[in-house]
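Below is one structure; the comments refer to it alone.
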Amino acid sequence: MGYSSLSACVSDLERAGHLLRVEEEVDANLEVAEIQRRVFQAGGPAVYYPRVKGCAFPLVSNLFGTMERVRFIFRDSLDAVHALVAAKVDPQDFAKRPWAALRLPSAALHLLPQPRWSGDVLAKETTIGALPQVVSWPDDGGPFITLPQVYSEDPDAPGVRHSNLGMYRVQLGGNDYQQDREVGLHYQIHRGLGVHHAAAIRRGERLPVNIFVGGPPAMMVAAVMPLPEGLPELSFAGALNGRAIRMVRAGKGPLVHADADFCIRGSIGPRETKREGPFGDHLGYYAKAHDFPVLRVDSVTHRKGAIWPFTTVGRPPQEDTLFGDLIHELTGPLVPTVLPGVRGVHAVDWAGVHPLLFAIGSERYVPYASARRPMEVLTQANAILGQGQMSLAKVLMIAATEDAPGLDLRDVGAFLTHVLARFDPTRDLHFQTKTTMDTLDYSGSGLNQGSKVVIAGVGEAKRTLARELSGDFALPAGFTGARLAAPGVVVVQAPAFTDAKMGPEDAERFCRELPRGAHLAGLPLLVLVDDAAFAAETLRNFVWIAFTRANPAADFYGVDAFTEQKHWGCRGPLVIDARRKPHHAPPLVEDPAVTQRVDRLFARGGSLARLG
558 MGYSSLSACV SDLERAGHLL RVEEEVDANL EVAEIQRRVF QAGGPAVYYP
608 RVKGCAFPLV SNLFGTMERV RFIFRDSLDA VHALVAAKVD PQDFAKRPWA
658 ALRLPSAALH LLPQPRWSGD VLAKETTIGA LPQVVSWPDD GGPFITLPQV
708 YSEDPDAPGV RHSNLGMYRV QLGGNDYQQD REVGLHYQIH RGLGVHHAAA
758 IRRGERLPVN IFVGGPPAMM VAAVMPLPEG LPELSFAGAL NGRAIRMVRA
808 GKGPLVHADA DFCIRGSIGP RETKREGPFG DHLGYYAKAH DFPVLRVDSV
858 THRKGAIWPF TTVGRPPQED TLFGDLIHEL TGPLVPTVLP GVRGVHAVDW
908 AGVHPLLFAI GSERYVPYAS ARRPMEVLTQ ANAILGQGQM SLAKVLMIAA
958 TEDAPGLDLR DVGAFLTHVL ARFDPTRDLH FQTKTTMDTL DYSGSGLNQG
1008 SKVVIAGVGE AKRTLARELS GDFALPAGFT GARLAAPGVV VVQAPAFTDA
1058 KMGPEDAERF CRELPRGAHL AGLPLLVLVD DAAFAAETLR NFVWIAFTRA
1108 NPAADFYGVD AFTEQKHWGC RGPLVIDARR KPHHAPPLVE DPAVTQRVDR
1158 LFARGGSLAR LG
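Everything in the sequence shown is counted per the working numbering, starting at 558 for the first residue and increasing by one.
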């Protein structure tokens, strides 16, 4: 069917029982974000907020909160988009040879954006201060747009073909931004907006940028999709929405999405930056304040009856987890065509996506070998770490399909067990030091600075993983509370890491003084933590702590470690220091006073009582 607007989608969801209204007045400052988190965790519906304190615009959240609802929203186009992505259709080629549509999925008919002379989004003018000021976490630096669609065009080749639509963080106020005249624009490395900005800097020009909010939900999904070459985000959005995206040429600068609810138009200069953040991010910590480009605002417009969609991120899973699930569903089949030999890749959401990546490759180099070792999978691992957003992975665990053809990448426990049973810590740890790291990961040595490690597990199992701690398991002085977090994995409560010198010394002492014995044979991974009971309580807890709080080159240790021909390994268990360090970002904690206010909505008689 295809939605003509966000309002049409909201009405459709309400008719189908996928949306609830909160009739009580709510505050965009912290309250609505906490409501969203609770509703998502309860597997609840989309939520519409008609009464927002001090704001004329209604809000909607949790549009993508369940895969059932995602499939409902895109029920008429999802199958066709599967076929379209698999075909890797080039919309420009389609424009030159329209008869090719006869051989393509029906979604291809909606690939080319439609030009319009006017658009509903240009109907009314407003200001940045009049927009919903959604603040998600107590220590956020100000209000943010959490579902923005940031649109730019290549200064060297303007137009849709080389355009970029991305979901980059937008800070509406706070810090040193001039109210109503400036907003913060945070983009990470390896992103399309950065390429356009670099081109503008090279040309000595400002880069015009449009920020859309709302509109058909397909535009929000398109903004986060890693798409094949030749398929611009606007084309994908048209295919997913089942109707072409309508774009307006409104004066100079990039095109404007005619059916968006809001549009902020402006530009970023070659060297204009201001402090952006902090912001409670999807790793479960605050992204600290750093200098990022500032957008000089030229105009803010909106359609009549505009609705402001928002989400909130934090320790996963959150609503953005469903974006990841949809991306995996649509693009997963493309992985073998882009990365020869690689059968699948999965970014582990529990670890905040980029800190931990699972992959299944193949070993075909020496099929006659009686004892296989990682060979081809190491080549494939390098290819993965050189591919788009996967290049931001910090820990890549890779297995070979020949060892377990039915191994499921999304079964975190089974995959972890498979690799830990097979990897050889003297040989199968491969580090990249002093390299790039995800902007939002503060476990490294600085912003965008850190290391990576590939852990390869290939061949027959080398050990039987322990499923309980033996009575012989003892700890060095000062270390307590050893618990099994997963087969072969022990978490150990260590002294707090309060000093940059004593912290590493404690980890090294642990490796040096750990009593040796046969009981360690089934324990290839030991992890030092601040709270062993919490880390061992669930596999989700363990994965979050172990891989968000460690920088491989700095925080991976080993019992009986050695360096040989510049290769580091260990003859005993691998040890990860996953304690919180002084340079780490603080974890996200909700405000008890806000929690108490929000409780009323989930209590008897409240609009959300059935979810309480």
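C-beta atoms are modelled at their ideal positions from N, C-alpha and C, and glycine is treated no differently.
Distance, residue j Cα to residue i Cα
i, j, result
"P602", "M1059", "49 Å"
"G1016", "D960", "6 Å"
"A844", "F836", "5 Å"
"G723", "I884", "14 Å"
"V805", "R628", "29 Å"
"G559", "T983", "55 Å"
"R1040", "A908", "20 Å"
"P1081", "A1057", "27 Å"
"T992", "Q706", "29 Å"
"S1008", "G871", "24 Å"
"S919", "Q1006", "31 Å"
"L750", "V727", "13 Å"
"H743", "Y725", "6 Å"
"D584", "V692", "9 Å"
"P670", "M947", "29 Å"
"L679", "V813", "9 Å"
"A1034", "A1092", "21 Å"
"S561", "P773", "6 Å"
"I917", "T894", "14 Å"
"F1113", "V1046", "15 Å"
"A1166", "R595", "12 Å"
"R1106", "K681", "47 Å"
"Q1050", "L840", "22 Å"
"P811", "G771", "18 Å"
"C566", "P765", "30 Å"
Range covered by the beta strand (DSSP E) that runs through residue i
i, result
"T858", "H847 to H859"
"V752", "First-last for V752: G749 to R760, but that is the alpha helix (DSSP H), not the beta strand (DSSP E)."
"A1034", "Careful: A1034 lies outside any beta strand (DSSP E) and carries neither H nor E."
"H839", "It is not in any beta strand (DSSP E) - H839 carries neither H nor E in the DSSP assignment."
"Q728", "R726 to Q728"
"N721", "S720 to G723"
"R822", "F819 to E833"
"I630", "Element bounds for I630: not the beta strand (DSSP E) but the alpha helix (DSSP H), M624 to I630."
"D1134", "L1131 to D1134"
"A1064", "Element bounds for A1064: not the beta strand (DSSP E) but the alpha helix (DSSP H), M1059 to E1070."
"R803", "R803 to V805"
"P811", "Careful: P811 lies outside any beta strand (DSSP E) and carries neither H nor E."
"C566", "No beta strand (DSSP E) contains C566, which is instead part of the alpha helix (DSSP H) from L563 to R572."
DSSP-derived helix/strand/coil call for residue i
i, result
"A1013", "strand"
"I1102", "helix"
"W674", "coil"
"N1005", "coil"
"M954", "strand"
"N798", "helix"
"R984", "coil"
"I918", "In the sequence as displayed, the identity of residue 918 is Gly instead of Ile. Residue state, collapsed to three classes: strand."
"A741", "Note on residue identity: the sequence assigns Gly, not Ala, to residue 741. DSSP places G741 in strand when its eight states are reduced to three."
"Q735", "coil"
"G946", "Looking at the sequence shown, residue 946 is not Gly but Gln. Here Q946 sits in helix by DSSP."
"F621", "coil"
"A1118", "strand"
"I685", "helix"
"H1140", "coil"
Supposed contact pair residue j and residue i - C-beta distance, whole angstroms, cut 8 Å
i, j, result
"M776", "A801", "Actually they are not in contact, since the Cβ atoms of M776 and A801 sit about 12 Å apart, beyond 8 Å."
"A1089", "G1028", "With a Cβ gap of about 18 Å, A1089 and G1028 do not count as contacting."
"D818", "I864", "6 Å"
"R718", "R803", "Not really, about 17 Å apart at Cβ, beyond 8 Å."
"L704", "F867", "6 Å"
"Q690", "L729", "7 Å"
"V1010", "P931", "Not quite, the Cβ-Cβ distance comes to about 13 Å (not below 8 Å), so this is no contact."
"R853", "E739", "6 Å"
"Q593", "N619", "6 Å"
"L953", "I941", "6 Å"
Endpoints, alpha helix (DSSP H) assigned at residue i
i, result
"D882", "D877 to T888"
"T936", "E933 to I941"
"R578", "Element bounds for R578: not the alpha helix (DSSP H) but the beta strand (DSSP E), L576 to R578."
Heavy atom of the ligand FMN within 7 Å of residue i beta-carbon
i, result
"S1008", "This structure simply doesn't include the ligand FMN, nor any ligand for that matter."
Worksheet item: Hey, is the segment 844-858 in contact with the segment 874-883, meaning 3+ C-beta pairs nearer than 8 Å?
Response: Under the Cβ criterion (8 Å, minimum of three pairs), the segment 844-858 does not count as touching the segment 874-883.
Worksheet item: Between the segment 854-867 and the segment 825-839, do at least 3 Cβ pairs fall closer than 8 Å?
Response: Short answer: they don't touch.
Worksheet entry | Stretch pair the segment 570-582 + the segment 619-634: three plus CB contacts closer than 8 Å | As far as the Cβ criterion goes, the segment 570-582 touches the segment 619-634, which means the pair count is three or higher.
Discussion item. Quick test of the definition: if touching needs 3 or more C-beta pairs under 8 Å, does the segment 1120-1140 touch the segment 1040-1055?
Written reply: Yes, they touch.
Worksheet item: Does the segment 952-972 touch the segment 900-907, meaning 3 or more C-beta pairs lie closer than 8 Å?
Response: In the pairwise beta carbon analysis, the segment 900-907 is classified as touching the segment 952-972: at least three pairs are separated by under 8 Å.
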